[in-house]
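S.K.:
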Amino acid sequence: MADAASQVLLGSGLTILSQPLMYVKVLIQVGYEPLPPTIGRNIFGRQVCQLPGLFCYAQHIASIDGKRGLFTGLTPRLCSGVLGTVVHGKVLQHYQECDTVEDLGSGNAQKEVTPSFDQVIKETTREMMARSAATLITHPFHVITLRSMVQFIGRESKYCGLYDSIVTIYREEGILGFFAGLIPRLLGDIISLWLCNSLAYLVNTYALDSGVSTMSEMKSYSQAVTGFFASMLTYPFVLVSNLMAVNNCGLAGGCPPYSPIYTSWIDCWCMLQKEGNMSRGNSLFFRKVPFGKTYCCDLRMLI
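Offset between the sequence shown (1-based) and the numbering used here: plus 28.
(1) Measuring only the C-alpha atoms, how far is V148 from N232?
(2) Put C77 into one of helix, strand or coil per three-state DSSP.
(3) Relative to the alpha-carbon of T66, which residue among V58, P80, Y60, G73 has its alpha-carbon at the smallest distance?
(4) Excluding five sequence neighbours on each side, which residues of the same chain lie with their C-beta closer than 6 Å to the C-beta of A161?
(5) For the beta strand (DSSP E) that contains G68, what are its first and last residues?
(6) Identify the residues that DSSP records as bridge partners of R315: which are they?
(7) So, under 8 Å CB-CB, L190 and V54 are touching, yes? Tell me the CB distance rounded to an integer number of Å.
(8) Thinking just about the alpha-carbon of each residue, which of V36, Q47, P264 is nearest to the one in L111?
(9) Using three-state DSSP, classify S307 as helix, strand or coil.
(10) With a cut-off of 8 Å on the beta carbons, I'd call I218 and M156 a contact; round off their distance for me.
(11) Whose C-beta lies closer than 6 Å to the C-beta of K150 among residues of the same chain, with five residues either side of it excluded?
(12) Helix, strand or coil: how does DSSP classify L174 here?
(13) So, are the CB atoms of F265 and R213 less than 8 Å apart?
(14) I165 and S193 - do their beta-carbons sit closer together than 8 Å?
(15) Please report the distance separating the alpha-carbon of L271 from that of F314.
(16) On a Cα-Cα basis, can you pick out the residue from G282, G278, S226 that is closest to G255?
Written out as structure tokens, the structure is:
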């Protein structure tokens, strides 16, 4: 019980701290660029035309809505985080209780120390079920969070309170409105999890020398590295999911002429791929001007 409470408190603290970052990221993902590009330098020291990064973007939001405006959408996101942590923990606890009953029934008191590939598959499957259950239950709060952020673009006040947002979505879109963008989000989570755990197992088993004294530390680092690599590969699923969550919802950021109306998440994926925008919003610091955008990037005029 204390473990679950500490996880909820830690998760809530991280959610509050990261809220401005997510706010900026979501607005960039939907293609909202209120600030003109500036002159910067790439890693080779060459002058390039680039879009403002996280801090300039956040300062722009604060100049309009104040510093408090950077925490728009925090309430439904906190609800999502707390509920997701509880559901995730309950599902894993259920599996652990099943294991305990099986061990008592078979009389096996010891478990395998070195994980085999079968054990990795078993644990990954259970983690997948736990994450999927948490995502399924918390997705309505995720949709409300995204829409309350995106309404900054058109200065609307359609999704202000949690209760009012629930009523609005149900009245206009029905139950399915709460699960807009769910499929690509689930697919991204599942693919990322399997990639991360499979790569970590291969690295720990075949790449790391078991005789090294710091092998346990190296294995923990490999898990973090493979997790980062997997999240980069599955980022398009996150982008498509967020775009579908706000697509055609009555907000300026999700309707023409600002944004096209997608018939499905596959249509959204294909259109982004065709435009070369599958990584939009992935970087918040070194942001190059997207291909096809009509910004004035004459370096002589900007110097």
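Note that beta-carbon positions come from the ideal geometry of N, C-alpha and C, so glycine has one too. As the structure is a computational prediction, the values presented were derived from the model and not from experiment.
M.R.: If we stick to the structure as given:
(1) Taken atom to atom, the span from the alpha-carbon of V148 to that of N232 is near 12 Å.
(2) Note: C77 maps to strand in three-state DSSP.
(3) Restricting attention to V58, P80, Y60, G73, the CA atom closest to the CA of T66 is found in P80.
(4) So the qualifying residues of the chain are V115, V119.
(5) Its beta strand (DSSP E) spans residues 66 to 69.
(6) For R315, which the question treats as bridged, DSSP gives the partners L79.
(7) Contact flag wrong, Cβ pair sits at about 18 Å.
(8) Of the listed residues, the one whose Cα sits closest to L111 is V36.
(9) Three-state DSSP puts S307 in coil, outside helix and strand.
(10) Indeed, because the Cβ distance is near 6 Å, the residues count as touching under 8 Å.
(11) Annotation for K150: no residue places its beta carbon closer than 6 Å to its own, counting only its chain and skipping 5 residues before and after.
(12) In this structure, L174 counts as helix in the three-state DSSP scheme.
(13) Contact: yes.
(14) No, the Cβ-Cβ distance between S193 and I165 is not below 8 Å.
(15) Spanning the two alpha carbons is a distance of roughly 22 Å.
(16) For G255, the nearest C-alpha among the options comes from S226.
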